[in-house]
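Using our numbering, the first residue of the sequence shown is number 401, and each one after it goes up by one.
Positions of the beta carbon are idealized from the N, C-alpha and C atoms, including for glycine.
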Amino acid sequence: MKKNKKILFISHEASLSGAPILLLSLLKRIRKNTDHTFDVLLLHNGALYNDFAAVADHVFLAAAQTYEPSFLKRNLKRVKRLIIKETAVKENPVDKITADLLSNGYDLVYGNTMLSLSWLLPFSKNNISTVIAVHELTFGIESSVKKDHVIENLNRIDEVIAGSKAVADNLIENYAADAKKISVIHSFVDEKIVIDKDSEHIKKETGITDNQFIIGIASAQELRKGTDLVPMLVKKITDKAPDLSFKFINLGGTVNNSAVRCSKLDAEKMGVNNKIIYIEHNSAPNNYINIFDVFLLLSREDPFPLVMLTAAKLEKPIIAFERSGGAEEFLSDNHGILVPYLDLDKMAEEIIKLSKDKSGRKELGQKIKYRIDHEYSDNDLTHKTLNLINKY
């Protein structure tokens with residue numbers, strides 16, 4: 401086992417979403433706390449590219465990208481790009497790129513998400529240690545990777561990090577994963593949550609008054625995340641509690657997102673469009689989550705969402721569906737509220753109860769904050785990951 405390793409990290413993208421954010425946070429801690437050197441291969445570009453470039457020794461892109469000259473001037477010494485001709489992409493981009501990277505002498509290759517599995521295999525075949533961090537459940541996995549491919553190849557990887565117990569159980573039960581190779585290391589958020597606009601400012605910005613109860617989600621706008629359920633849920637709350645003055649913040653997506661447009665259409669036809677505030681995906685979601693009186697997870701399937709952990713850090717009571725993934729584990733033993741899968745009537749009733757119970761909201765918020773600080777500490781989880789990396 402080498403003390404100072406040369407590691408390649410593979411990220412499926414550089415977007416402002418859970419898995420890339422988690423990987424970036426891990427890389428910053430590796431840079432700060434170890435003498436390892438590491439490169440990053442991004443399969444797709446995104447808003448976090450600059451951040452990856454700042455922390456890694458080199459960043460490789462799986463395809464040519466276009467940047468402003470000022471960006472290239474600032475980062476030229478730290479950034480490398482793998483330019484693949486169109487014909488090469490059509491043939492096999494994985495083989496083309498990994499053939500170039502194999503000459504870099506990596507001690508370990510760490511793939512983030514199941515999308516990295518195919519990219520890890522050439523390194524494994526060349527006797528280079530491999531680790532894959534899986535953050536997906538069935539829908540997430542099979543939306544991008546064939547089930548047979550996972551079953552055939554996952555056990556070729558030396559170590560599997562499962563982002564929650566739900567992920568580990570799913571890999572074993574549905575993808576024939578070797579339980580001995582799996583370590584459950586939960587996703588984490590940084591200890592300090594940044595809030596750069598106070599509640600008064602955000603309420604003024606959104607037109608929310610002090611007497612209004614604030615319900616909210618923060619999510620990519622897609623079926624898996626259950627964002628299509630928002631207008632129906634708001635209608636049920638309105639019908640069950642016509643005297644409740646509330647606003648529902650739907651944070652995520654853009655005005656051009658088809659799911660957002662459909663949600664707005666449904667809300668208008670249901671007569672609840674005046675109850676819902678749509679906030680576009682942005683780099684400061686914590687400012688909005690901070691004003692929520694209750695945080696909802698409407699996901700049909702979610703392994704262990706970072707935004708749930710952020711809400712816990714901010715002491716927000718959380719309501720989620722049973723059988724939806726990591727939320728069941730995190731909110732167990734009355735640390736939150738779990739309602740039957742897709743039961744919007746029950747969810748509406750629980751929201752209305754909380755709207756009338758300020759002390760109950762405070763108690764739930766304090767309990768989940770204590771749990772994340774003591775059972776899901778970012779420092780402890782980072783330490784577990786570093787120990788695993790140092791095995792190889």
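Collapsed DSSP secondary structure at residue i in the structure displayed
{"i": "E715", "result": "coil"}
{"i": "L698", "result": "coil"}
{"i": "K647", "result": "strand"}
{"i": "L554", "result": "helix"}
{"i": "L738", "result": "strand"}
{"i": "Y575", "result": "helix"}
{"i": "S583", "result": "strand"}
{"i": "Y776", "result": "coil"}
{"i": "V634", "result": "helix"}
{"i": "L448", "result": "coil"}
{"i": "I691", "result": "coil"}
{"i": "N608", "result": "As written in the sequence, residue 608 is Ile, which differs from the Asn given in the question. Coil."}
{"i": "I595", "result": "coil"}
{"i": "K791", "result": "coil"}
Straight-line Cα distance separating residue j from residue i
{"i": "A684", "j": "I595", "result": "8 angstroms"}
{"i": "I861", "j": "L696", "result": "With the chain covering only 401 through 792, there is no way to say anything about residue 861."}
{"i": "S663", "j": "F721", "result": "20 angstroms"}
{"i": "T530", "j": "L508", "result": "6 angstroms"}
{"i": "R481", "j": "V459", "result": "Here the model assigns R481 a pLDDT of 48, short of 50, so the residue's position is not dependable and the matter cannot be decided."}
{"i": "N682", "j": "I421", "result": "14 angstroms"}
{"i": "S732", "j": "P703", "result": "15 angstroms"}
{"i": "L633", "j": "E605", "result": "24 angstroms"}
{"i": "H436", "j": "A456", "result": "11 angstroms"}
{"i": "P522", "j": "V694", "result": "46 angstroms"}
{"i": "I497", "j": "S518", "result": "12 angstroms"}
{"i": "N673", "j": "S503", "result": "57 angstroms"}
{"i": "E600", "j": "T609", "result": "9 angstroms"}
{"i": "R761", "j": "A462", "result": "47 angstroms"}
{"i": "V545", "j": "N787", "result": "29 angstroms"}
{"i": "K406", "j": "N779", "result": "23 angstroms"}
{"i": "D757", "j": "I679", "result": "27 angstroms"}
{"i": "N686", "j": "I572", "result": "35 angstroms"}
{"i": "S777", "j": "P631", "result": "35 angstroms"}
{"i": "L476", "j": "V440", "result": "Confidence at L476 is low in this model, with a pLDDT of 45, below 50, so its placement is unreliable and the value that follows should be read with caution. About 15 angstroms."}
{"i": "L651", "j": "P493", "result": "35 angstroms"}
{"i": "E413", "j": "A641", "result": "43 angstroms"}
Beta-carbon proximity check, residue i vs residue j, cutoff 8 angstroms
{"i": "E559", "j": "S583", "result": "yes"}
{"i": "G563", "j": "I410", "result": "no"}
{"i": "A751", "j": "I637", "result": "This sequence places Ile at residue 751; Ala is not what is there. A contact, by the Cβ cut-off of 8 angstroms."}
{"i": "L764", "j": "G736", "result": "yes"}
{"i": "F539", "j": "E701", "result": "yes"}
{"i": "L408", "j": "F452", "result": "no"}
{"i": "E728", "j": "L744", "result": "no"}
{"i": "F588", "j": "L427", "result": "no"}
{"i": "I541", "j": "M514", "result": "yes"}
{"i": "L448", "j": "S425", "result": "no"}
{"i": "V660", "j": "G653", "result": "yes"}
{"i": "K647", "j": "I689", "result": "no"}
{"i": "S699", "j": "S658", "result": "no"}
Paired residues, beta bridge with residue i - DSSP
{"i": "G725", "result": "D702"}
{"i": "T437", "result": "K406"}
{"i": "H458", "result": "D439"}
{"i": "F613", "result": "F646"}
{"i": "R415", "result": "A quick correction: the sequence has Ser, not Arg, at residue 415. Partner(s): none; S415 has no beta bridge."}
{"i": "V560", "result": "I532 and I582"}
{"i": "Y510", "result": "F409 and V531"}
Nearest neighbour of residue i, chosen from the options [CA to CA]
{"i": "H586", "options": "R700, N611, V534 and P631", "result": "V534"}
{"i": "Y741", "options": "L515, L443 and R624", "result": "R624"}
{"i": "D590", "options": "G446, K753 and A712", "result": "A712"}
{"i": "L709", "options": "A748, K767, N673 and G652", "result": "K767"}
{"i": "L644", "options": "Q612, L651 and L629", "result": "Q612"}
{"i": "I532", "options": "G505, S755, V550 and N656", "result": "V550"}
{"i": "I593", "options": "K784, K769, H783 and K405", "result": "K769"}
{"i": "N790", "options": "I430, A419, G418 and N687", "result": "I430"}
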